[in-house]
Structures are given as structure tokens and as C-alpha cells.
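Peer 1: Structure incoming, see below.
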Amino acid sequence: MAKYNITEKKEKEAVYRSLVSPALMDELKEKILNVIVMQKKYKDRNFSAKRLAEELGTNTRYVSAVVNVKFHMNYTSFVNKYRIEEAMSILVDKRYKDLRIEEVSDMVGFSNRQSFYASFYRLTGITPREYRLQHSAVLVKSKKK
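Spelled out as C-alpha cells, the structure:
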């Protein structure tokens with residue numbers, strides 16, 4: 553059995569994806585990136601695809617279609633990717649070395665430890681603790697030189 557019970561997802565073809573014009577798709581892609589990444593809404597654990605759609609003046613099917621087609625993942629994976637990337641930088645930042653892993657998880661928008669660990673492992677292949685240990689060891693080695 554795979555660690556953290558992660559299974560590969562099979563690609564499904566949703567009919568509504570073809571209903572979104574390429575021009576609208578590109579426009580929504582930019583707007584989604586602006587809201588999720590630039591405004592850092594990924595840190596808000598309650599910022600759902602429904603709230604994103606409302607903010608963009610569209611519906612969740614369009615948001616879902618754009619995220620699937622343009623980013624090749626579902627909405628949750630898309631948001632979690634940015635959360636994990638921020639967590640990775642926090643985990644190796646010496647200013648945050650005294651933070652517990654759960655506190656880092658909370659800072660980047662995860663609502664529970666299990667989903668943080670599973671998402672982190674899925675994206676990096678190691679646990680947050682292993683990541684921190686590996687990178688703190690690299691920092692120590694580079695300081696000795």
C-alpha cells in the first residue's frame with residue numbers, strides 16, 4: 553500500500569470543458585492566477601472553487617474546466633501546490649526554524665495535518681519533516697565551507 557494512501561487519478565474527459573472558448577479560458581486562467589497566487593488566496597482554508605467563481609463572476613464548472621485544462625490538475629491540487637511551495641520555503645527559512653510542522657501547515661492554509669502531509673508527500677516524495685532535515689543539513693554543510 554502506498555504511503556499516505558495516495559492513488560493515481562485517471563484522466564476523465566468532461567463535456568463542459570469544450571464549452572469554454574479558448575479566449576475565455578485564457579482570460580479566466582489569468583484571473584485565477586491573480587486571485588489564487590498574487591492575492592495569496594491559497595492561504596485561506598475556506599477559499600473554495602465556489603468563492604473563486606463568485607469573485608470572478610463565473611461558475612464553478614468554468615473554473616474547474618480552466619484549472620483542469622490549463623494547469624492539468626483539479627482545483628484542490630492546484631491550491632495545495634501553492635500551499636506546499638510556500639511551506640517548503642518556510643521549512644528551510646531559519647527565521648521559522650522553531651515552528652512546529654503543524655504551525656507551518658496552518659500558516660499556508662491547510663485545515664488539518666493529514667491533508668498537509670499527504671499533499672506535501674504527493675508533491676515532493678518526502679514528508680515535511682524529512683524535507684526540513686535534508687535542507688537544514690545542506691545549510692549546515694554550506695556554512696562549514
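For the sequence shown, my numbering begins at 553 and goes up steadily by one. Ideal Cβ placement from N, Cα and C applies to all residues, glycine included. Here the structure is a predicted model, which means the values were calculated and not measured.
1) Closer than 8 Å by C-beta to methionine 553: which residues in its own chain qualify, once you throw out the five before and the five after it? Chain order, please.
2) Specify, as a first and last residue, the run of the alpha helix (DSSP H) that isoleucine 588 falls within.
3) Serine 641 lies in the alpha helix (DSSP H); which residues open and close that run?
4) By DSSP, does serine 663 sit in helix, in strand, or in coil?
5) Can you look up lysine 602 in the DSSP assignment and give me helix, strand or coil?
6) How do the segment 657-676 and the segment 596-604 stand: do at least 3 beta-carbon pairs fall below 8 Å, yes or no?
7) Keeping to the same chain, check which residues put their C-beta closer than 6 Å to that of phenylalanine 630; ignore five residues upstream and five downstream.
8) Assuming alanine 639 contacts valine 656 under a Cβ cut-off of 8 Å, what Cβ separation, rounded to an integer in Å, is found between them?
9) Report the option in Ile636, Arg647 and Lys581 whose CA atom is closest to the CA atom of lysine 674.
10) Could you check the C-alpha separation between phenylalanine 672 and histidine 687 for me, to the nearest Å?
11) What does the alpha-carbon distance come out to for the pair valine 587 and asparagine 626?
12) By alpha-carbon positions, which one of Gln666, Thr628, Arg665 and Ser641 ends up nearest to tyrosine 683?
13) Quick one: what does DSSP say asparagine 611 is sitting in, helix, strand or coil?
14) Take the Cβ of alanine 575 as the centre, count every other Cβ of all protein chains shown within 10 Å, and call the residue buried at 16 or more, exposed below.
Peer 2: Reading from the atomic positions:
1) Mapped onto the sequence shown, residue 553 falls at position 1. Here methionine 553 scores only 46 on pLDDT, less than 50, and its place in the model is too uncertain to base an answer on.
2) On the sequence shown, residue 588 is found 36 positions in, with the first residue counted as 1. Here isoleucine 588 belongs to no alpha helix (DSSP H), and DSSP marks it neither H nor E.
3) The residue labelled residue 641 in the question sits at position 89 within the sequence shown. Taken as a continuous stretch (DSSP letters only), the alpha helix (DSSP H) holding serine 641 covers 627-644.
4) As a position in the sequence shown, residue 663 is number 111, starting the count at 1. Serine 663 falls in the coil class under three-state DSSP.
5) Sequence index remark: in the sequence shown, residue 602 carries index 50 (1-based). Helix, per DSSP.
6) A contact between stretches requires three or more CB pairs, one per stretch, nearer than 8 Å, and the segment 657-676 meets this requirement with the segment 596-604.
7) Start at 1 with the first residue of the sequence shown, and residue 630 comes out as number 78. Cβ neighbours of phenylalanine 630 beyond the five flanking positions: Val619 and Phe623.
8) Position 87 of the sequence shown holds residue 639. Position 104 of the sequence shown holds residue 656. Right, the Cβ-Cβ distance comes to about 5 Å (below 8 Å), so this counts as a contact.
9) Taking the sequence shown and counting its residues from 1, the one referred to as residue 674 is at position 122. Sequence inspection shows arginine at residue 674; the lysine mentioned does not correspond to that position. Looking at the Cα atoms, Ile636 is the closest of the given residues.
10) Looking up residue 672 in the sequence shown gives position 120. Looking up residue 687 in the sequence shown gives position 135. Computed Cα separation, rounded: 15 Å.
11) Within the sequence shown, the letter at position 35 stands for residue 587. Within the sequence shown, the letter at position 74 stands for residue 626. Those two C-alpha atoms are separated by around 16 Å.
12) Numbered from 1 along the sequence shown, position 131 holds the residue referred to as residue 683. Per the C-alpha coordinates, the member of Gln666, Thr628, Arg665 and Ser641 positioned closest to tyrosine 683 is Ser641.
13) What you label residue 611 is simply residue 59 of the sequence shown in a count that begins at 1. Three-state DSSP puts asparagine 611 in coil, outside helix and strand.
14) Counted from its first residue, the sequence shown places residue 575 at position 23. When all chains shown are included, alanine 575 counts as exposed.
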